[in-house]
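**Student:**
Structure, rendered in structure tokens:
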């Protein structure tokens, strides 16, 4: 006589469970990768926002007058556009 545990294990490892397990794994991986892509996009936006805040705080701390702030700001935008690939193509 075969014990009930072995019968249960054999039934769980049968062909039907294999198909169910495959479907669950595919759905889980698709959801995980979609969430990961959205999470990477969110991180890119958040880090860009933090970089902008830090840049403007730095400009406010360095440039005490309006003329110095505008001069440093224009130079900084020029550097960001040039190194970011907007002016010079890759």
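Residue numbers (my numbering): 23 to 112. All C-beta atoms, glycine included, are put in the ideal place defined by N, C-alpha and C.
How big is the Cα-Cα spacing for residue 64 and residue 72?
**Tutor:** Taking the chain shown and counting its residues from 1, the one referred to as residue 64 is at position 42. Taking the chain shown and counting its residues from 1, the one referred to as residue 72 is at position 50. Answer to the nearest angstrom: the Cα atoms are 12 Å apart.
**Student:** Could you tell me which whole alpha helix (DSSP H) segments of length 4 or greater appear in the region 30 to 94?
**Tutor:** 37 to 84, all fully within the region 30 to 94.
**Student:** With H, G and I counted as helix, E and B as strand and the rest as coil, what does DSSP make of residue 106?
**Tutor:** Indexing the chain shown from 1 puts residue 106 at position 84. Helix at residue 106.
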